[in-house]
Structure formats: structure tokens, C-alpha cells
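*Asks:* Numbering (the numbering used here), first residue to last: 6 to 399. Could you have a look at this structure, given as C-alpha cells, before my questions?
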Amino acid sequence: MDAFTGTFTQQEPIPEEAIEAAVAVMRGGRLHRYNTEPGEIAPAAQLEEAFAAYQGAKYCLACASGGYALSVSLRAAGVEPGDKVLTNGFTLAPVPGAIAAVGAEPVLVEITRDLVIDLDDLARKIDASGARVLMLSHMRGHLADMEALCALCDDHGITLIEDCAHTMGAKWNGRPSGGFGLAGCFSTQTYKHINSGEGGLLTSDDPDFMARAIMMSGSYMLYERHRAAPAPETFATIRLETPNMSGRMDNLRAAILLPQLATLDANAARWNARYEAIAARLSRVNGLYMPYRPPEEFFVASSIQFLAPGMAPEACERFVARMKDMGVELKWFGAEDPVAFTSNHRSWHYMPAQDLPQTDATLATLFDMRLPLTFSVEDCAHIADLIATDREGT
Ligand SMILES: *Cc1c(COP(=O)(O)O)cnc(C)c1O
6 MDAFTGTFTQ
16 QEPIPEEAIE
26 AAVAVMRGGR
36 LHRYNTEPGE
46 IAPAAQLEEA
56 FAAYQGAKYC
66 LACASGGYAL
76 SVSLRAAGVE
86 PGDKVLTNGF
96 TLAPVPGAIA
106 AVGAEPVLVE
116 ITRDLVIDLD
126 DLARKIDASG
136 ARVLMLSHMR
146 GHLADMEALC
156 ALCDDHGITL
166 IEDCAHTMGA
176 KWNGRPSGGF
186 GLAGCFSTQT
196 YKHINSGEGG
206 LLTSDDPDFM
216 ARAIMMSGSY
226 MLYERHRAAP
236 APETFATIRL
246 ETPNMSGRMD
256 NLRAAILLPQ
266 LATLDANAAR
276 WNARYEAIAA
286 RLSRVNGLYM
296 PYRPPEEFFV
306 ASSIQFLAPG
316 MAPEACERFV
326 ARMKDMGVEL
336 KWFGAEDPVA
346 FTSNHRSWHY
356 MPAQDLPQTD
366 ATLATLFDMR
376 LPLTFSVEDC
386 AHIADLIATD
396 REGT
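Put into C-alpha cells, the structure is as follows:
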């Protein structure tokens with residue numbers, strides 16, 4: 006079989022409409038979100054309004070990055086230095102990083118082999134840690150049973166903050182991810198579901214929380230220029246009590262993102278068609294396990310994962326190397342030393358080491374692959390054939 010020649014990190018171009026909007030912002034020179042003419046609504050404020058509507062959320066804040074949205078949401082939720090914050094043992098570095106950024110201590114919860122948080126371990130760690138906040142990472146777009154998770158959080162008085170970096174556009178039982186707890190945190194970094202290079206979006210229905218987040222983001226006393234924001238009265242004392250930790254989004258990025266929101270759902274369908282082409286083939290290969298996707302889960306498959314249970318570390322390494330020779334860029338989460346964008350709790354030395362045998366056993370044979378929309382469905386079938394042929398030949 007011929008090697009694959011596509012580029013796994015090549016996203017689609019920014020839509021022409023978005024390029025024109027960006028050029029218009031540059032021509033105007035008003036790139037700062039509070040640099041508006043009388044009556045003008047800044048693109049940043051327009052984006053917040055549009056994304057709040059998309060999510061069915063009351064409020065939205067556009068900010069500098071997904072990681073910023075995460076750390077600001079912890080601060081605005083009242084997390085203080087020394088507090089413990091629960092999070093998945095399988096996530097990317099910005100999540101434990103956001104917890105560390107506020108001086109809190111991550112308490113890592115096991116994941117299942119279906120790559121979602123283990124609710125039994127979550128219940129145990131809620132009791133054992135005394136943590137009051139769960140920063141749930143929908144890592145690689147896999148959604149836990151959100152009704153069961155929310156019931157558990159409610160029973161124990163746990164505040165839920167969702168990391169939706171991989172679930173923009175995804176839903177559980179028809180309800181958008183990011184809408185289940187106090188806050189949803191999204192990223193608009195190039196490899197996520199809409200692309201402004203860098204950027205983040207934070208949504209919530211809680212007025213005090215959002216007022217604090219807006220003040221923290223660096224709104225000075227200009228919060229009335231926001232549209233998807235709580236009423237000005239909400240800011241009466243918050244505006245004086247909340248430190249400014251600059252992390253605003255600028256109008257240029259917002260202008261690039263606005264037109265992309267309109268095609269997000271259509272793109273989700275395109276991603277999922279690519280996913281299906283690969284999943285259908287790989288699910289028939291002996292020795293590979295595709296994480297279960299429950300019918301309640303509507304996912305957005307900007308990537309795909311599979312496990313090879315029982316495969317030894319050296320065999321995993323050789324498999325990745327053979328696939329690379331065939332042009333297929335697989336990431337392996339079991340490597341001793343994390344590579345590129347992979348991440349493993351054992352390499353987060355700034356926090357107490359934690360024992361996660363079930364997570365480690367899962368990551369030991371977990372493979373991960375990007376599915377950029379620049380690949381056609383046929384490309385994906387080709388990639389699946391290359392992987393399947395390798396596994397069937399061993
Ligand atoms: C990308 C990412 C983030 C953070 O997003 P940035 O915009 O890059 O700061 C958070 N969580 C996960 C799981 C991510 O992949």
C-alpha cells in the first residue's frame with residue numbers, strides 16, 4: 006500500500022469572509038476591544054454575544070487563550086492558594102497548569118478505558134480530598150455521563166467547571182458541553198474547532214462569577230461595553246474588589262472567529278464523517294479497542310483515539326515508527342517522556358506525584374491522531390487501511 010502524504014497539522018485556510026472582516030478591523034485601526042466609536046459594537050463584544058447564543062448561555066467573555074479562561078474561571082469561582090481542585094488524570098498540560106497558576110493543588114482522578122473520568126474514583130477523591138471544585142476536562146472530546154456526573158457533584162456540593170477545548174460544538178443528550186456547571190472554558194487556538202491562532206471563550210449563567218471574570222480579564226471600568234455580560238449593578242462592588250489580570254481578546258481575533266461560528270456545526274459533521282471512515286475500519290481489527298461512544302454523546306471528532314490492549318511499550322514504539330514511515334502521525338500517550346503536544350501526569354513535577362494505576366494502564370497503549378479537515382474522507386480510509394494492515398500483519 007502507498008504511504009500517506011497528507012500533513013496532520015495543516016488546518017483549512019481562514020474563510021474569505023473572516024479575512025475581509027480582519028482587514029476591515031486593521032483598516033480602522035481599532036484593534037483594542039474598548040476602542041470603539043460612539044454607537045459602535047466592537048467585534049469582541051459581538052463574538053461574545055454570538056457565542057453565548059450558540060451555547061445557550063447567559064454570559065460570555067472572550068479572552069486571550071483557553072488556558073486563561075481556565076485559570077480565570079478558578080479565580081472567579083473563589084479558588085484560593087492551597088485549595089485542592091479535582092481534575093482528570095488524562096488531560097493536557099494547560100489544565101493542571103491553570104490549577105497551579107492560582108496556587109491550588111490538582112487532585113487527579115482516574116479515567117476509564119473509554120477515556121472519560123471514572124465516577125467511582127471521583128466520588129472517592131471528593132471524600133478523601135475535601136476539594137470543592139472539579140475542573141472536568143472533556144479530553145479529546147470524550148464526554149462522561151453528564152447526568153450522573155452532575156448528580157454526584159450536586160450531592161457533594163462540588164462546583165463544576167468544564168474544559169471544553171475539545172468539545173466546542175459537542176453535546177450530551179442535546180445539551181451543549183460547557184453548559185452543565187458553573188462555567189465552560191473554550192479555546193480558539195489553531196488546533197481546536199475554530200481558529201484565531203490563540204484565544205479563549207468563557208461562558209456562564211452566574212452573574213457574580215461572570216462580573217468577576219470580566220473585571221479580571223482587564224475591562225477597567227468599561228464593562229458596560231460588553232453585551233453578553235451581567236447588568237451594570239452586578240459590578241457595583243465587584244469592580245472595586247477584583248484585581249485586573251489582563252487577558253483580553255482583541256477585535257482582530259474576534260473578527261476572524263465570528264464567521265467561523267456559522268460553519269461550526271457543518272464542520273462537526275465533516276469531522277465526524279472522517280472519524281467514521283477510520284472507526285469503522287479499526288473497530289474490525291483484532292487487538293484494537295475503540296473507546297465506546299454512548300448514544301447520548303454528540304461528539305466533534307477533530308481527533309481519533311484507539312487502544313491496543315496488551316501491547317508492550319517497545320512494540321508500541323515500533324508501531325508508531327512504522328506508521329510514521331507510512332506517513333501516519335500517531336501520538337502515543339504511554340511514552341516515558343512526553344513528546345510534542347502529548348502530556349502525562351507523571352511529567353507534572355510541580356504537583357505531588359499521584360498514583361493512577363488505571364489511568365496509566367489505559368495510557369500505556371493509547372494512540373491518538375489528529376483529523377484535520379484538510380483530509381478527505383478517502384484520505385481517512387487510506388490512513389485506516391495503513392493502520393489496520395499493520396496490525397493485521399502482526
Ligand atoms: C488546548 C487545550 C487547552 C488550552 O487552550 P489554549 O488556548 O492553548 O490555552 C486546555 N485544555 C485542553 C485539553 C487543550 O487541548
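Here a beta-carbon is modelled for each residue, glycine too, at the ideal position from N, C-alpha and C. As the structure is a prediction and not an experimental result, all values here were calculated from the model.
Can you tell me the Cα-Cα spacing of ALA306 and PRO43, whole angstroms?
*Replies:* Each residue's alpha carbon lies about 42 Å from the other.
*Asks:* Where does PRO99 land, buried or exposed, given buried means 16+ other C-beta within 10 angstroms?
*Replies:* Buried, since its Cβ has 16 or more Cβ neighbours within 10 Å.
*Asks:* Can you give me the start and stop residues for the alpha helix (DSSP H) that GLU397 sits inside?
*Replies:* Residues 382-397.
*Asks:* Would a C-beta distance cut-off of 8 Å place LEU113 and GLN359 closer than the cut-off?
*Replies:* It is a contact, given that the beta carbons lie within the stated cut-off.
*Asks:* With hydrogens ignored, establish whether the beta-carbon of ALA106 is closer than 7 Å to any heavy atom of ligand 1.
*Replies:* No - ligand 1 has no heavy atom lying nearer than 7 Å to the Cβ of ALA106.
*Asks:* Which runs of the alpha helix (DSSP H) spanning at least 4 residues fall entirely within the stretch 170-247, listed in chain order?
*Replies:* Here the runs fully enclosed are 212-223, 240-246.
*Asks:* Can you tell me which residues form a DSSP beta bridge with GLU21?
*Replies:* None, per the DSSP bridge assignment.
*Asks:* Out of TYR73, ALA274, ILE24, LEU139, which one is the CA nearest neighbour of LEU262?
*Replies:* Nearest option by C-alpha distance: ILE24.
*Asks:* Would you report the Cα separation of VAL77 and MET254, rounded to the nearest angstrom?
*Replies:* Cα to Cα, VAL77 sits roughly 14 Å from MET254.
*Asks:* Roughly how many whole angstroms lie between the Cα atoms of MET295 and HIS37?
*Replies:* Rounded to the nearest angstrom, the two C-alpha atoms are 45 Å apart.
*Asks:* In this structure, what does DSSP give as the bridge partners for PHE311?
*Replies:* In DSSP, PHE311 forms a bridge with PHE372.
*Asks:* Give the DSSP bridge partners of LYS89, in chain order.
*Replies:* GLU110, per the DSSP bridge assignment.
*Asks:* Which residues share a DSSP beta bridge with GLU302?
*Replies:* For GLU302, which the question treats as bridged, DSSP gives the partners TRP177.
*Asks:* Just curious, the beta strand (DSSP E) that LEU66 is in, first and last residue?
*Replies:* Residues 64-68.
*Asks:* Would you say the beta carbon of ASP373 is closer than 7 Å to some non-hydrogen atom of ligand 1?
*Replies:* No, since every heavy atom of ligand 1 falls outside the 7 Å radius drawn around the Cβ of ASP373.
*Asks:* Return the bridge partner residues of ARG253 from the DSSP annotation.
*Replies:* Paired residues: CYS68.
*Asks:* Please confirm whether any heavy atom of ligand 1 lies closer than 7 Å to the CB of VAL100.
*Replies:* Yes, ligand 1 has a heavy atom inside 7 Å of this Cβ.
*Asks:* Starting from the Cα of GLY204, find the closest Cα among ASP210, ASP211, TYR196 and give me that residue.
*Replies:* Residue TYR196 is the option with its Cα nearest to GLY204.
*Asks:* Between the Cα of THR379 and the Cα atoms of MET6, PRO18, GLY83, ASP373, which residue gives the shortest distance?
*Replies:* It is PRO18 whose Cα lies nearest to the Cα of THR379.
*Asks:* Would you please state the rounded distance, in angstroms, between the beta carbons of SER209 and TYR64? I believe it to be under 8 Å.
*Replies:* SER209 to TYR64, Cβ: 5 Å. Contact.
*Asks:* Please confirm whether any heavy atom of ligand 1 lies closer than 7 Å to the CB of LEU97.
*Replies:* Correct: LEU97 has its Cβ closer than 7 Å to ligand 1.
*Asks:* Please report the straight-line C-alpha distance between PRO264 and HIS231, rounded to a whole angstrom.
*Replies:* Taking the straight line joining both Cα atoms gives about 19 Å.
*Asks:* Give every residue of the same chain whose Cβ lies closer than 8 Å to the Cβ of ASP395, excluding the five residues on either side of it in the sequence, and list them in chain order.
*Replies:* Excluding positions up to five away in sequence, the list reads PHE324, ARG327, MET328, MET331.
*Asks:* Please determine, among ILE309, SER308, ALA340, the residue with the shortest C-alpha to C-alpha distance to ALA317.
*Replies:* Among ILE309, SER308, ALA340, the Cα nearest to that of ALA317 is on ALA340.
*Asks:* Can you confirm whether the stretch 152-159 touches the stretch 103-112 when touching is taken to mean that 3 or more C-beta pairs between the two stretches lie within less than 8 Å?
*Replies:* Segments in contact, no.
*Asks:* Using 8 Å for Cβ pairs, my map puts TYR297 next to LEU376. What's the rounded Cβ distance?
*Replies:* Not quite, the Cβ-Cβ distance comes to about 19 Å (not below 8 Å), so this is no contact.
*Asks:* Could you work out which residue in HIS161, SER142, ILE163, CYS158 is closest to THR172 when comparing CA atoms only?
*Replies:* When each option's Cα is compared against that of THR172, the closest is SER142.
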